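Numbering (the numbering used here), first residue to last: 259 to 685.
Every residue gets a Cβ at the ideal spot worked out from N, C-alpha and C, and that includes glycine.
A quick note: this is a predicted structure, and the numbers were derived from the prediction, not measured.
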Amino acid sequence: MALSCDVLVIGGGPAGSTVSTLLADRGFSVVLVEKDRHPRFHIGESLLPRNLPILRRLGVEERLRHIGVTKRGADFSGNATESHVVYDFSEAMAPDEPSAFQVRRAEFDEMLLHNASERGVQVVQETRVTGIELDADPVTASILGTDGTARQISARFVVDASGRDTFLSQRLDLKQRNKRHKSAAVFGHFSNVVRREGEEAGNISIYWFDQGWFWLIPLQDGCTSVGMVCDPGYLKQRDGDLQNLFWQTVSNTQGVAQRLENAQLLGEMRGTGNFSYQSTEMTGDRFLLVGDAYAFIDPVFSSGVYLAMQGAEYAAEAVEGILTQPQAALRHRRRYERRVRKGLRAFSWFIYRFTDPALRYLFLNPTRRFQLRRAVISVLSGDVYGRTRIWPQLLVFRLVYHVTSLFFWRQQKAHRARLDKVEHTVS
Ligand SMILES: Cc1cc2nc3c(=O)[nH]c(=O)nc-3n(C[C@H](O)[C@H](O)[C@H](O)COP(=O)(O)OP(=O)(O)OC[C@H]3O[C@@H](n4cnc5c(N)ncnc54)[C@H](O)[C@@H]3O)c2cc1C
Numbered sequence: 259m260a261l262s263c264d265v266l267v268i269g270g271g272p273a274g275s276t277v278s279t280l281l282a283d284r285g286f287s288v289v290l291v292e293k294d295r296h297p298r299f300h301i302g303e304s305l306l307p308r309n310l311p312i313l314r315r316l317g318v319e320e321r322l323r324h325i326g327v328t329k330r331g332a333d334f335s336g337n338a339t340e341s342h343v344v345y346d347f348s349e350a351m352a353p354d355e356p357s358a359f360q361v362r363r364a365e366f367d368e369m370l371l372h373n374a375s376e377r378g379v380q381v382v383q384e385t386r387v388t389g390i391e392l393d394a395d396p397v398t399a400s401i402l403g404t405d406g407t408a409r410q411i412s413a414r415f416v417v418d419a420s421g422r423d424t425f426l427s428q429r430l431d432l433k434q435r436n437k438r439h440k441s442a443a444v445f446g447h448f449s450n451v452v453r454r455e456g457e458e459a460g461n462i463s464i465y466w467f468d469q470g471w472f473w474l475i476p477l478q479d480g481c482t483s484v485g486m487v488c489d490p491g492y493l494k495q496r497d498g499d500l501q502n503l504f505w506q507t508v509s510n511t512q513g514v515a516q517r518l519e520n521a522q523l524l525g526e527m528r529g530t531g532n533f534s535y536q537s538t539e540m541t542g543d544r545f546l547l548v549g550d551a552y553a554f555i556d557p558v559f560s561s562g563v564y565l566a567m568q569g570a571e572y573a574a575e576a577v578e579g580i581l582t583q584p585q586a587a588l589r590h591r592r593r594y595e596r597r598v599r600k601g602l603r604a605f606s607w608f609i610y611r612f613t614d615p616a617l618r619y620l621f622l623n624p625t626r627r628f629q630l631r632r633a634v635i636s637v638l639s640g641d642v643y644g645r646t647r648i649w650p651q652l653l654v655f656r657l658v659y660h661v662t663s664l665f666f667w668r669q670q671k672a673h674r675a676r677l678d679k680v681e682h683t684v685s
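And the structure:
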């Protein structure tokens, strides 16, 4: 049987569930197609404080408290010592959201998808969108269930929230590797990882090592998510498997080695290759890309889910505008694009420099002068869409970074040479 709706949403991750719930709330008929069946594993477990107002608006805050670990901040450490520097969200320039949550994404995504269904979205799981005809009006999409059932859906508008599958971006040849950044990761869930004490127990911990950095994210039931993020070349030069390289790097990173001394892997280790990309277009006449379906840079500031959900809120506004005021469609599209780019830009400045010795020094030796530390914490909280005036402080921070780089030029040069060498060895 053919389906028809106002809006077809491809993908039931945080972006897809959010945009479809908000569009259903506005009275549109929405079909969301998800290729898997929730709950399913997904990486991306650490949320940001500014994500909470969105979750509140979706009406899931109470349910979230049952599945999450309270995260009051992030701590950073170098690889030669276990001492760490804490960035507490309550010190942000606008500290009205002083905490966030760490979640198992299987539970979090299921919660959001279930909520979408409760709010009137027609959710079709275990069904993949396999083809699309965007030039037709209405748009027609082909879908295929895991049981082999093939169907067509017609829709006035399509929102692509297919995550790193980048469904439309691939089909329309819009996807580009990020020229300024490349990253890969190996990660798993562990028991018996030592946690921080007291109020810091739920914080995310970040440890630098020469070729990248580790995350430690405390989850419920004594489980900790541990991941190693590095240049893709570093993974390729392994002499054993990914697990060997992971444990080798752990043993060379003192703070992580101490915390993982008695750790036991739960389930399997997973790896992902270079995941930094963006699309050359974000919208078209009858479609729009949201969340990872448009771009993903790097997990370091735990911004992915927040950018996806904030983008989804903006997308719902844009789609409503496009469908109800077709004469102003271009204006709605451009506004959406500007908003999404603003969030990405704020994080990317830090991401591109994160492994530079100068930025590492500034993070490990934060200054309270000119409220620089508070401004950086505001970024770490996700306050990047202009709600709070942090740009003067961030400009000063950038200036300080450039001056600091002059003092670190030898180390910066050595750092780049090390990365080039890894790349050269594997190419
Ligand atoms: C190593 C790593 C660590 C990360 N850590 C963090 C973190 O700590 N915090 C954070 O906020 N972010 C993190 N992220 C980023 C985060 O995972 C993503 O940014 C986030 O999941 C994006 O949400 P989304 O809804 O756009 O896409 P997704 O969550 O990927 O959802 C896309 C959905 O679309 C479905 N789909 C795909 N193709 C089709 C199709 N053709 N038909 C139907 N369904 C389809 C998929 O099954 C999936 O359910 C991390 C990313 C990586 C790579």
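For residue i and residue j, which I take to be in contact (beta-carbon distance under 8 Å), what is that distance rounded to the nearest angstrom?
i      : j      : result
PHE415 : ILE580 : 7 Å
ASN337 : GLN512 : 6 Å
TYR691 : ARG611 : The question about residue 691 has no answer, for the chain in this structure spans 259 to 685.
SER449 : GLY480 : 6 Å
HIS518 : HIS447 : Checking the sequence shown, residue 518 turns out to be Leu, not His. Going by Cβ atoms, the distance from LEU518 to HIS447 rounds to 12 Å, so no, they are not a contact pair.
LEU306 : GLY640 : 4 Å
GLY470 : ASP499 : About 18 Å separates the two Cβ atoms, so there is no contact after all.
GLY271 : GLY421 : 5 Å
SER642 : PHE605 : According to the sequence displayed, residue 642 carries Val and not Ser. With 8 Å as the limit, VAL642 and PHE605 qualify as a contact, their Cβ atoms being about 7 Å apart.
GLU355 : LEU426 : Not a contact, Cβ separation roughly 33 Å.
ALA282 : VAL379 : 5 Å
VAL654 : ILE609 : Their Cβ separation, rounded to whole angstroms, is 20 Å, which puts VAL654 and ILE609 out of contact at 8 Å.
I'd like to check one pair, residue j with residue i: are the Cβ atoms closer than 8 Å?
i      : j      : result
PHE258 : SER483 : Residue 258 cannot be examined here, being either before or after the span of the chain that is shown, 259 to 685.
ALA576 : ALA419 : no
LEU474 : SER463 : yes
ILE312 : GLU571 : yes
VAL548 : ALA573 : yes
SER636 : ALA374 : no
VAL265 : ALA413 : yes
VAL344 : ASN461 : yes
THR276 : MET567 : yes
SER335 : TYR465 : yes
LEU630 : THR538 : no
MET369 : ARG321 : yes
GLU376 : PRO297 : no
HIS439 : ASP550 : no
GLN536 : ALA521 : no
LEU392 : VAL381 : no
HIS300 : ASP405 : no
Excluding sequence positions up to five away, which residues of its chain have a Cβ less than 6 Å from the Cβ of residue i?
i      : result
GLY562 : GLY302
HIS590 : ALA576, GLY579, ILE580
LEU261 : VAL289, ILE411
LEU565 : GLY601
ARG295 : GLN383, GLU384
ARG453 : ALA459, PRO476
VAL514 : TYR465, PHE472, VAL508
GLU319 : LEU313
LEU652 : ALA633
ARG409 : ILE401
Within a Cβ cutoff of 7 Å, which residues of the same chain sit near residue i, ignoring the five residues on either side of it in sequence?
i      : result
GLN670 : ASP614, PRO615, ALA616, SER663
PHE467 : ASN337, THR507, ASN510, THR511
THR388 : SER400, ILE401, LEU402
PHE504 : VAL444, MET486, MET527
SER304 : LYS329, GLN360, ILE462, ILE475, SER560
ARG386 : LYS293, ILE401, LEU402
THR646 : MET351, ALA352, SER636
ARG308 : GLU355, TYR564, SER639, GLY640, ASP641
GLN583 : none
ASN436 : SER534, TYR535, GLN536, ILE555
SER287 : CYS263, ASP264
Kindly list the residues whose CB is nearer than 8 Å to the CB of residue i, restricted to its own chain and excluding five residues on each side of it in sequence; keep chain order.
i      : result
VAL684 : Its pLDDT being 39, under 50, VAL684 is placed unreliably by the model, and the measurement read from it follows with that caveat. Excluding residues within five positions, the ones whose Cβ falls inside 8 Å are GLY491, LYS494, GLN495.
Using a Cβ-Cβ distance cut-off of 8 Å, determine whether residue i contacts chain B.
i      : result
ARG645 : The structure shown contains no chain B; it holds only a single protein chain.
- Message: Going residue by residue through the segment 301-373, where are the continuous beta strand (DSSP E) segments of at least 3 residues, counting only ones entirely within it?
- Response: 327-329, 331-335, 343-346, 358-360
- Item | Cβ contact (3+ pairs, closer than 8 Å) linking the segment 350-367 and the segment 314-334 | yes
In the segment 508-570, which residue ranges form an unbroken alpha helix (DSSP H) of at least 4 residues, counting only runs that do not cross its ends? 512-517
Within 8 Å, do at least three Cβ pairs link the segment 392-406 to the segment 541-558? yes
Examine the Cβ distances between the segment 618-631 and the segment 584-603 and report whether three or more of them are shorter than 8 Å.
no
**Prompt:** Where in the segment 637-673 do unbroken runs of the alpha helix (DSSP H), each at least 4 residues long, occur, reported from the N-terminal end onward?
**Reply:** 649-665
Can you list the alpha helix (DSSP H) stretches of 4 or more residues lying completely in the segment 577-634, in chain order?
587-611, 615-622
Segments of 3+ residues assigned as beta strand (DSSP E) that fall wholly inside the segment 403-443: 408-418, 433-435
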